[in-house]
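Heads up, the thing below is written out as structure tokens.
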Amino acid sequence: MIALRSYNYRHSSSHIEGILLRAKDTCLTTMHNSQQLLSLSLPFPRQEHHIYWSGRVKDPYSPTLEATMTRPPTRENIVTVARRAVGALRRRGLSCYLVGSMASMLWETDRAPNDIDIVILITTYDAEAIKRLLVASDKRFFLVPSRNPRNTYKVLWYEIPTASRFSNVFEEIKVDILVPPTLNMPFLDGDNIVWKEELPVCPLLPLLLLRLQGWEDHIQATRRDLVEKQYTDVMDIKELLAIAVEAGVTIEDEPWLDRPFLSAARRRIQSYVRIRRGSRASWRKLGFVLR
218 MIALRSYNYR
228 HSSSHIEGIL
238 LRAKDTCLTT
248 MHNSQQLLSL
258 SLPFPRQEHH
268 IYWSGRVKDP
278 YSPTLEATMT
288 RPPTRENIVT
298 VARRAVGALR
308 RRGLSCYLVG
318 SMASMLWETD
328 RAPNDIDIVI
338 LITTYDAEAI
348 KRLLVASDKR
358 FFLVPSRNPR
368 NTYKVLWYEI
378 PTASRFSNVF
388 EEIKVDILVP
398 PTLNMPFLDG
408 DNIVWKEELP
418 VCPLLPLLLL
428 RLQGWEDHIQ
438 ATRRDLVEKQ
448 YTDVMDIKEL
458 LAIAVEAGVT
468 IEDEPWLDRP
478 FLSAARRRIQ
488 SYVRIRRGSR
498 ASWRKLGFVL
508 R
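Sequential numbering from 218 applies to the sequence shown in this note's numbering.
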């Protein structure tokens with residue numbers, strides 16, 4: 218995959234299209250002839266619109282656009298980055314736990330995560346302050362502006378250089394920082410957190426209910442890219458539900474979950490089983506009463 222790494226240049230869409238076509242042709246030719254990865258610089262005049270890309274530029278004021286080769290993170294690397302982030306937070310006295318696709322993977326689902334979602338169990342700092350703390354703790358963490366210029370927050374990434382003689386071949390892993398009650402994340406104490414592969418993980422049942430929340434958010438979204446995520450959500454829910462049933466988990470095992478969280482979950486389950494009727498028996502095994 219070619220990643221264009223810049224975030225403060227003005228340009229027209231036709232110029233970007235030309236750059237992409239040139240980069241594609243050059244990359245395909247080079248890889249065909251030598252089966253090697255490509256790193257190149259292309260002229261990039263300042264014109265009209267801002268486009269933001271994940272990634273870091275060596276000189277944000279240089280009138281060039283870097284084309285680099287990237288690849289999805291490996292399981293080993295994403296676990297390593299999660300450990301480094303959690304370790305840095307815990308050294309500062311910040312308890313946390315993992316949610317999302319990373320937590321689902323640690324509960325043995327099949328889908329490989331592309332990012333890391335970390336819930337912070339303290340309200341002394343906001344998410345932006347915690348991101349800056351992580352950047353200060355490890356030089357491979359870095360911040361870039363949101364792709365939406367209306368957003369004031371920064372996006373946290375971790376860069377992993379790969380074993381290549383080309384300096385611009387890399388893996389980048391996005392790290393999302395969440396502070397309750399953001400996205401209705403449950404506030405856990407240390408006794409409720411599950412440890413897997415030396416990482417603090419959300420317990421299985423609340424993780425499943427959070428995935429159900431994500432599914433509802435995506436089917437109600439207006440953006441097409443978010444709506445399409447509902448199908449991935451269903452895959453995750455199906456796997457986590459089967460794992461929970463096999464493990465014998467029930468809502469009686471989680472008395473610390475607050476009522477509003479469970480009430481919203483019951484409503485979402487009713488909506489879910491109207492579409493996925495075959496899941497009804499499994500939800501009942503978890504202790505949910507369905508109409």
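Here a beta-carbon is modelled for each residue, glycine too, at the ideal position from N, C-alpha and C. As the structure is a prediction and not an experimental result, all values here were calculated from the model.
### Message
Please report the distance separating the alpha-carbon of P423 from that of P290.
### Response
Between P423 and P290, the C-alpha separation is close to 26 Å.
### Query
For F414 versus N294, is the C-beta distance shorter than 8 Å?
Note that residue 414 is Glu in the sequence shown, not Phe. Between E414 and N294, the CB-CB gap reaches or exceeds 8 Å.
#### Entry: With 16 other Cβ atoms within 10 Å as the buried cut-off, status of Y489
buried
### Query
With a Cβ-Cβ cutoff of 8 Å, do D450 and R484 count as a contact?
no
### Message
Nearest by alpha-carbon distance to V396: which of I436, Y342, L306 is it?
### Response
From the listed residues I436, Y342, L306, the smallest Cα separation to V396 is found for Y342.
### Task
Rounded to whole angstroms, what's the CA-CA distance from I454 to A498? Just pull it up for me.
14 Å
### Task
Measure how close the beta-carbons of A461 and L507 come, nearest whole angstrom, since I'm counting them as under 8 Å.
No, A461 and L507 are not in contact; Cβ-Cβ is about 16 Å, not under 8 Å.
### Cross-strand partners of D332 (DSSP beta bridge)
In the DSSP output, where bridge partners are listed per residue, D332 has K391.
### Query
What are the partner residues of V316, as DSSP defines its beta bridges?
D334
### Query
N225 by DSSP, collapsed to three states: which one?
Low confidence applies to N225: its pLDDT is 40, below 50, so where it sits in the model is not reliable, and the reading given next is rough at best. Correct three-state label for N225: coil.
### Query
Which residues in the same chain as G317 place their Cβ atom closer than 6 Å to its Cβ, once the five residues preceding and following it in sequence are excluded?
Answer for G317: D334, listed in chain order.
### Message
DSSP three-state label for K356, please.
### Response
coil
### Query
Taking one C-beta from the stretch 438-449 and one from the stretch 343-358 each time, how about it: are there three or more such pairs within less than 8 Å?
no
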